[in-house]
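*Asks:*
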Amino acid sequence: PTKAFDISSLQREKRKPVKQASKTKQCLQSWSVALHGSPTFVEAASVRQMEPPQTLIDVVEEIPAGTPETCVAYLQRDINCLGEDVLAVRLQSMRKLEQLLVVKVDCLSTDILDAVADALLKPLLKRLKDKSEKCRELAVRILRSLVENTSDLSAMLPYIFPTLVARLGCQDLDGIAHLPEIARPDPEQKPTEIARPVEESEEIRLELARFIASLLARCNQTQVYSYVDEATGLLRAEAMDPFHEVKAVACETMTAFCHNHAEMLLHFTEPLGRSLMSCLTHNHAQLRIAALRTIVAVFHCGTWKHNFEVLQILMAFSGPK
């Protein structure tokens with residue numbers, strides 16, 4: 046029998062025409078490959094990204110005196126630059142904002158400052174943990190200026206107090222929160238000074254102490270009542286700070302705080318009085334005098350029972366003197 050033969054296998058397959066790129070496109074492709082592969086181009090691109098961008102503050106010298114929205118739009122580019130990874134960009138924007146909101150703050154109206162504070166609060170609080178000491182210092186200065194000049198702090202306090210508490214490490218100053226009640230030491234055996242502050246820079250801790258003084262001076266009775274635990278913790282952390290200038294600001298702030306809010310500090314008499322132990326035994330005479338004035342103000346907050354507990358700690362405390 047004859048085998049069937051497939052005639053279609055003898056037919057030649059038609060090759061599809063290959064589209065050739067035009068000479069212009071080939072030139073562009075070869076140019077881009079050579080350009081991107083060039084180390085000079087890569088180095089120039091990286092340098093260009095490292096440079097701080099030009100913002101409206103550089104172009105327009107006068108601050109817009111119109112609506113608050115106009116002023117916020119004027120600052121928006123620098124506010125966005127606070128979140129950049131490049132240190133030079135963040136630092137340049139910080140310096141521009143400091144010139145406007147600290148040096149020239151008197152030229153701005155209250156409604157403009159309220160809008161700027163609302164837009165800047167969270168970015169500035171994040172910069173308190175910045176790796177650069179200069180950025181942290183400028184952030185504290187700008188925050189202090191905003192707190193001193195805004196009309197209402199109610200919307201800012203829920204963000205400011207937790208950030209300050211974490212930055213000064215005053216969640217558990219005595220280090221006994223993890224211990225059961227029976228294993229906790231007596232009050233006179235608890236620490237009187239912070240060995241390793243969370244914020245390592247003494248200058249920034251001093252700026253934070255001044256910022257807290259301005260913050261507590263602006264708070265009314267209702268606001269202090271809502272954050273009395275955080276406020277007293279911050280004052281105690283300042284008084285237990287190893288830097289003597291921070292201790293001096295803490296004594297001054299605690300004295301005013303006790304005189305203004307004595308009726309709500311009854312149960313805080315013993316912790317506040319105990320935090321002054323390192324100030325009472327300090328080498329500087331002026332600091333010891335300030336601590337004595339502060340502890341008198343603390344006595345005004347408590348009854349005889351609470352004050353007796355403070356005196357007990359003072360008598361049982363054996364300092365280096």
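One rule links them: number in the numbering used here = place in the sequence shown (from 1) + 45.
We put the CB at the ideal spot given by N, CA and C, even for glycine.
Taking buried to mean at least 16 other C-beta atoms within 10 Å of its own C-beta, is ILE227 buried or exposed?
*Replies:* Exposed: under 16 other Cβ atoms inside 10 Å.
*Asks:* Between which two residues does the alpha helix (DSSP H) carrying SER259 extend?
*Replies:* Looking at the DSSP string, the run of the alpha helix (DSSP H) that includes SER259 is 247 to 263.
*Asks:* How is the alpha helix (DSSP H) around ASP159 delimited, first residue to last?
*Replies:* From DSSP, the alpha helix (DSSP H) with ASP159 extends over 155 to 171.
*Asks:* If I measure Cβ to Cβ from LEU356 and keep anything under 6 Å in the same chain, skipping five residues before and after, which residues do I get?
*Replies:* Within the same chain, LEU356 has no close Cβ partners at all.
*Asks:* Cα-Cα, which of LYS179, ILE187, SER196 and LEU279 is closest to ALA376?
*Replies:* Beyond the ends of the chain as shown, which are 46 and 366, falls residue 376; an answer cannot be given.
*Asks:* Report yes or no: do three or more beta-carbon pairs, one from the segment 300 to 310 and one from the segment 319 to 331, lie closer than 8 Å?
*Replies:* With a cut-off of 8 Å, the segment 319 to 331 and the segment 300 to 310 do not count as touching, because too few Cβ pairs lie within range.
*Asks:* Which residue from ARG281, GLN137 and ARG263 puts its Cα closest to that of ARG189?
*Replies:* ARG189 has its Cα closest to that of ARG263, out of ARG281, GLN137 and ARG263.
*Asks:* Excluding the five sequence neighbours on either side, which residues of its own chain have a C-beta within less than 8 Å of the C-beta of VAL150, listed in chain order?
*Replies:* So the list reads LEU158, SER190 and ASN194, once near-sequence residues are dropped.
*Asks:* Let's see if you can read the secondary structure: which residues bound the alpha helix (DSSP H) around THR100?
*Replies:* Counting along the chain, THR100 falls outside any alpha helix (DSSP H), and DSSP gives it neither H nor E.
*Asks:* Candidates MET299, ASN265, THR267 and VAL269: which alpha carbon is nearest ARG281's?
*Replies:* The residue with the shortest Cα to Cα distance from ARG281 is MET299.
*Asks:* Within 10 angstroms of its Cβ, does ILE187 collect 16 or more other Cβ (buried), or is it exposed?
*Replies:* Flag for ILE187 reads buried.
*Asks:* Rounded to whole angstroms, what is the Cα-Cα separation between ALA184 and ASP274?
*Replies:* Going from the Cα of ALA184 to the Cα of ASP274 covers about 24 Å.
*Asks:* State the Cα-Cα distance for the pair PRO225 and ASP217, rounded to the nearest angstrom.
*Replies:* Distance between the alpha carbons of PRO225 and ASP217: 14 Å.
*Asks:* Taking C-alpha atoms, which residue in ALA284, SER154 and ILE124 lies nearest to ARG140?
*Replies:* It is ILE124 whose Cα lies nearest to the Cα of ARG140.
*Asks:* Kindly indicate the opening and closing residues of the alpha helix (DSSP H) around GLU238.
*Replies:* Unbroken run through GLU238: none, as it is neither H nor E.
*Asks:* Answer with yes or no whether the minimum CB distance from ARG229 to chain D is below 9 Å.
*Replies:* The question asks about chain D, but that chain is absent: this structure has only one protein chain.
*Asks:* According to the Cβ coordinates, are VAL105 and ALA160 closer than 9 Å?
*Replies:* No; because the gap between Cβ atoms is not below 9 Å, this pair is not in contact.
*Asks:* Tell me which residues share the same chain as HIS329 and place their Cβ nearer than 6 Å to its Cβ, disregarding the 5 neighbours each side in the sequence.
*Replies:* Counting only Cβ-Cβ distances below 6 Å, and skipping sequence neighbours, we find HIS289.
*Asks:* Whole angstroms is fine: what's the gap from MET360's alpha carbon to ILE334's?
*Replies:* Between MET360 and ILE334, the C-alpha separation is close to 18 Å.
*Asks:* Which residue's Cα is closest to the Cα of SER154: SER177, THR267, THR115 and TRP349?
*Replies:* Closest option to SER154, Cα to Cα, is THR115.
*Asks:* What does the alpha-carbon distance come out to for the pair LEU317 and ALA336?
*Replies:* In a straight line, the C-alpha of LEU317 is about 11 Å away from that of ALA336.
*Asks:* What does the alpha-carbon distance come out to for the pair LYS174 and TRP349?
*Replies:* Rounded to the nearest angstrom, the two C-alpha atoms are 42 Å apart.
*Asks:* Look at the Cβ atom of ASP286, then the Cβ atom of ALA254, and state whether they are nearer than 9 Å.
*Replies:* Yes, they are a contact pair.
*Asks:* May I ask you to report which of helix, strand or coil DSSP gives PRO316?
*Replies:* If DSSP states are grouped into helix, strand and coil, PRO316 belongs with the helices.
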